[in-house]
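*Asks:* One structure, as structure tokens, below. Some questions next.
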Amino acid sequence: MADKTTVVLDGSEHPQPRGQRLGRTSPDQRIQVTVYVRPNPRTKENLDDVNESIYEKKERDHLDHDSYVDQFGASAEDLESVHAFADSYGLEVLEASAAKRLVTVEGRARDLEAAFGVQLDDYRDSRQVAIYQSHKGAARIPSHLDGVVTAVLGLDNRPFATPHIRKGVAKPRAANSPASIAKRYKFPQGLDYSKSLVALIELGGGYNAADIATYFQNQGTTPPNMLTPIGTNGATNAPTGDPIGPDGEVALDIDVAGGVAPGIALLGAFGANTEQGFANIVLAATHYIWSETGKLPDALSISWGAPDCDWSTGGIRVMHQALQAASALGVAVTAASGDNGSTDGVNDGKQHVDLPASLEYATGAGGTSAMPNSEPVWMSGPIEGTGGGVATIFPVPGFQKVIPDLPVNVDTQKPGRCVPDVAASADPAYGYPVQVDGQTQVYGGTSAAAPLWAAAIAAINAVTGARMGNPNSMLYQWAASKSRATNPVTQGNNGAYSAKPGNLYNACCGVGTPNVEQLILSFRKVLGLKGKRPKGPSGPTGPARGGDTGLGF
């Protein structure tokens, strides 16, 4: 018998549906929904405290995966309670994962409506020419699951994120070949990346092996080791044949990461382009264990995002917890800050930051114009340039407090999480050549900066033998001490925020572009290393807690 006593699920409301309402969803339409649950209630430690402790110590003892699942995974009892709830409404359980703390179910719209106390309606999204389902108001859950369930995603499945890529002209003023960009940012030459792994988060499109082989042969460098792709919520590696669409994003990620780190292993991680699909593929990649090495990824690279105002509170909570887990496991997460300047493409007269780049446990990557003799902020026009700004829904995290005179939000004049943290070449006028759908194209966008920084972290790990994990606290400390681990960007603006000489940080390009040689030296110093490799897994200062977000994180 289903539990008829229900409570409102906090954070389950969504922004007003866009586009035309078409009417009630067909009661027999089958829809996938994911229920996310709390960490094991027997664990008394807070994962934020664990992260803070990890990154305060030189030993940098990230949690191994088994320990993480035991301490912070979902309990068998909680998973069973959700399973029983799903059974009581005739919903089919597709996946139940202790590591990812989720249960994904599928069922008819009528049964999902009864289970979660909502009315599902169909909408046509005029921007995507797609039909999706949504609901007004909050979802409800059985009272005995109150406190067990942290979020439910999938009842709103609107097309969600955009790739942060911009097409360049056929013959740009200069092109960032892998060799030239690696030299510019001082990636170590001749490094063995064969045991390094970066997961590329994709929400559409796909790649062809022939394009990868052609590109790296033309570049005269070792191609990446492309692992068997993974997918969630029905998504797969599915090239569209359109080089201007998502295929271009996938190719840019592969060619940038593989180009600056020859021979690196790359994992294509494909999720559905919904809030649910985005969260689930990040979780899948975070907990992916490479069978060849038994290791988790060195880094996740995320080149997709959406303005903070487009996310539900539940979606933000799930993504925050996914990145929080990645940090504890020593998996860095680099995320593009957006390509629409300080408004992030929102036409409400206010400034916005992109998410997930603005989450505390992400390393937001902004963009520069990599000119031959200078590197200012990338801003090509009123609405094309690097995203960045000051969040209104997140407090200033501890790692940013070492920087004096942090910018405040220009609309509210209040402090908050500043984005991005770092930057790299993104101007399509000085774009990256890529091979996609049998063609050579030139692309830019902050979606090039994210895989470049993910590859930089893989290089640091490969040289030191340690797992850098979340680099944010170190990056800000090094910037404050003027260690030259990053190159400050001191010219230009992204609309509402400016870079100026003497600033240690700006809300366009963060603490600057990478100097990978110096990053390696700085990381070695923090680890107390005198030789080329440490004796074992270790690591230094990382993300300090920022404070109460008010979002139940």
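In this text, residue positions in the sequence shown follow our numbering: the first is 1, and each later residue adds one.
Glycine is no exception: its CB is placed at the ideal position from the N, C-alpha and C atoms.
(1) Look at the alpha carbon of Ala-299 and the alpha carbon of Gly-512, and state the distance between them as a whole number of angstroms.
(2) For a quick check, are the C-beta atoms of Gly-315 and Ala-335 less than 8 Å apart?
(3) On the criterion of 16 or more Cβ atoms from any shown chain inside 10 Å, does Leu-22 qualify as buried, or is it exposed?
(4) Who are the near neighbours of Val-408 in its chain, counting only those whose CB is closer than 8 Å to its CB and skipping five residues on each side?
(5) If you count every other CB in all the chains shown that lies within 10 Å of the CB of Ala-209, and 16 or more means buried, which is it?
(6) When we look at the beta-carbon of Pro-27 and count the other beta-carbons within 10 Å, is it buried (16 or more) or exposed?
(7) Expressed to the nearest angstrom, what Euclidean distance is found between the alpha-carbon atoms of Lys-227 and Ala-265?
(8) Please classify Pro-246 as buried or exposed, where buried requires at least 16 other C-beta atoms within 10 Å of its C-beta.
(9) Do Ala-423 and Gly-366 come within 8 Å of each other at the CB atom, strictly closer than that value?
(10) Lys-519 and Ala-456 look like a contact to me (Cβ under 8 Å); what is the Cβ gap, rounded to whole Å?
(11) Could you work out which residue in Gly-444, Arg-30, Glu-375 is closest to Ala-499 when comparing CA atoms only?
(12) Quick one: what's Leu-355 bridged to in DSSP?
(13) Quick one: residues in its chain with C-beta nearer than 7 Å to the C-beta of Arg-484, no 5 flanking neighbours on either side, listed in chain order?
(14) Mark Gln-20 as exposed unless 16 or more other C-beta atoms lie within 10 angstroms of its C-beta, in which case mark it buried.
(15) Closest to Phe-85 by CA distance: which of Ala-115, Ala-130, Cys-508 is it?
(16) Taking Cβ positions, are Gly-398 and His-62 nearer each other than 8 Å?
(17) Can the beta-carbon of Tyr-476 be found closer than 8 Å to that of Asn-176?
(18) Buried or exposed: which applies to Lys-295, given that a residue is buried once 16 or more other Cβ atoms fall within 10 Å of its Cβ?
(19) What's the gap between the Cα of Val-35 and the Cα of Glu-77?
(20) Considering only residues of the same chain and omitting the five flanking positions on each side of Glu-92, which have a CB-CB separation below 7 Å?
(21) Pull up the DSSP beta-bridge partners for Trp-290, would you.
(22) Would you tell me roughly how many angstroms separate the C-alpha atoms of Leu-9 and Val-318, rounded to the nearest one?
(23) Could you give the residue range of the alpha helix (DSSP H) that holds Asn-218?
(24) So, under 8 Å CB-CB, Ala-215 and Gln-435 are touching, yes? Tell me the CB distance rounded to an integer number of Å.
(25) If we count Cβ pairs, one from each stretch, closer than 8 Å, do we get three or more for the stretch 490–499 versus the stretch 157–172?
(26) When you compare only the Cα positions, how much space is there between Thr-236 and Ser-447?
(27) Kindly indicate the opening and closing residues of the alpha helix (DSSP H) around Ser-425.
(28) Under DSSP, the alpha helix (DSSP H) around Pro-451 begins and ends at which residues?
(29) Are there 16 or more other CB atoms within 10 angstroms of the CB of Glu-45, so buried, or fewer, so exposed?
(30) Under a Cβ-count criterion, where at least 16 other Cβ atoms within 10 Å of its own Cβ denotes burial, should Thr-412 be classed as buried or exposed?
*Replies:* In this structure, then:
(1) Residue mapping note: residue 299 aligns to position 299 of the sequence shown, counting from 1. Residue mapping note: residue 512 aligns to position 512 of the sequence shown, counting from 1. Their backbone Cα atoms lie some 19 Å apart in a straight line.
(2) Along the sequence shown, one-based indexing puts residue 315 at 315. Along the sequence shown, one-based indexing puts residue 335 at 335. For Gly-315 and Ala-335, no; Cβs fall outside 8 Å.
(3) As a first step, residue 22 must be located in the sequence shown, where it is residue number 22. Leu-22 should be labelled exposed.
(4) Position 408 of the sequence shown, counted from the first residue, corresponds to residue 408. For Val-408, where only same-chain residues beyond five positions count, the Cβ hits under 8 Å are Val-390, Lys-414, Pro-415, Gly-416.
(5) As a working note, residue 209 is residue 209 in the sequence shown. Exposed, by the Cβ-count rule.
(6) Residue mapping note: residue 27 aligns to position 27 of the sequence shown, counting from 1. Residue environment: Pro-27 is assigned as exposed (fewer than 16 neighbouring CB atoms within 10 Å of its CB, all protein chains considered).
(7) Mapped onto the sequence shown, residue 227 falls at position 227. Mapped onto the sequence shown, residue 265 falls at position 265. The question names Lys, but residue 227 is Leu in the sequence shown. Leu-227 and Ala-265 have their C-alpha atoms roughly 7 Å apart.
(8) By one-based count along the sequence shown, residue 246 stands at place 246. Under this definition Pro-246 is a buried residue.
(9) Residue 366 sits at position 366 when you count from the first residue of the sequence shown. Residue 423 sits at position 423 when you count from the first residue of the sequence shown. Contact flag set, yes.
(10) Taking the sequence shown and counting its residues from 1, the one referred to as residue 519 is at position 519. Taking the sequence shown and counting its residues from 1, the one referred to as residue 456 is at position 456. Residue identity differs from the one stated: residue 519 is Leu in this sequence, not Lys. Cβ-Cβ separation between Leu-519 and Ala-456: approximately 7 Å, consistent with a contact (criterion under 8 Å).
(11) In the sequence shown, residue 499 corresponds to position 499, counting from 1. A check of alpha carbon separations from Ala-499 across Gly-444, Arg-30, Glu-375 identifies Glu-375 as the nearest.
(12) Translated into positions along the sequence shown, residue 355 becomes position 355. Per DSSP, the beta-bridge partners of Leu-355 are Ala-306.
(13) Stepping through the sequence shown from its first residue, residue 484 is reached at position 484. These residues qualify, in order along the chain: Asn-515, Gln-518.
(14) Walking along the sequence shown from the start, residue 20 turns up at place 20. Burial call: exposed.
(15) In the sequence shown, residue 85 corresponds to position 85, counting from 1. That would be Ala-115, whose Cα lies nearest to the Cα of Phe-85.
(16) Position 398 of the sequence shown, counted from the start, is the residue given in the question as residue 398. Position 62 of the sequence shown, counted from the start, is the residue given in the question as residue 62. No.
(17) As a first step, residue 476 must be located in the sequence shown, where it is residue number 476. As a first step, residue 176 must be located in the sequence shown, where it is residue number 176. No, the Cβ-Cβ distance between Tyr-476 and Asn-176 is not below 8 Å.
(18) Within the sequence shown, numbered from 1, the residue matching residue 295 stands at position 295. Buried, because 16 or more other Cβ atoms sit within 10 Å of the Cβ of Lys-295.
(19) If you number the sequence shown from 1, residue 35 lands on position 35. If you number the sequence shown from 1, residue 77 lands on position 77. Looking at the two C-alpha atoms, the distance is approximately 15 Å.
(20) The residue given as residue 92 occupies position 92 in the sequence shown. Only Val-105, Glu-106, Gly-107 meet the Cβ criterion.
(21) Numbered from its first residue, the sequence shown carries residue 290 at position 290. Paired residues: Lys-295.
(22) Mapped onto the sequence shown, residue 9 falls at position 9. Mapped onto the sequence shown, residue 318 falls at position 318. In a straight line, the C-alpha of Leu-9 is about 14 Å away from that of Val-318.
(23) Translated into the one-based positions of the sequence shown, residue 218 becomes position 218. 209–219 is the span of the alpha helix (DSSP H), which, as asked, contains Asn-218.
(24) On the sequence shown, position 215 is the one that residue 215 refers to. On the sequence shown, position 435 is the one that residue 435 refers to. The question names Ala, yet the displayed sequence has Tyr at residue 215. Sure, about 4 Å apart at Cβ, within 8 Å.
(25) Touching, no, given that fewer than three Cβ pairs across the two stretches are closer than 8 Å.
(26) The residue you call residue 236 lines up with position 236 of the sequence shown. The residue you call residue 447 lines up with position 447 of the sequence shown. When rounded, the distance between both Cα atoms is 20 Å.
(27) Locating residue 425 in the sequence shown gives position 425, where the first residue counts as 1. Membership of Ser-425 in any alpha helix (DSSP H) is not indicated; the residue belongs instead to the beta strand (DSSP E) covering 422–425.
(28) In the sequence shown, residue 451 corresponds to position 451, counting from 1. Note, Pro-451: alpha helix (DSSP H), 446–464.
(29) As a first step, residue 45 must be located in the sequence shown, where it is residue number 45. Counting Cβ neighbours within 10 Å, Glu-45 comes out exposed, since fewer than 16 surround it.
(30) In the sequence shown, the residue the question calls residue 412 occupies position 412. Here Thr-412 is exposed. Its C-beta has fewer than 16 other C-beta atoms within 10 Å.
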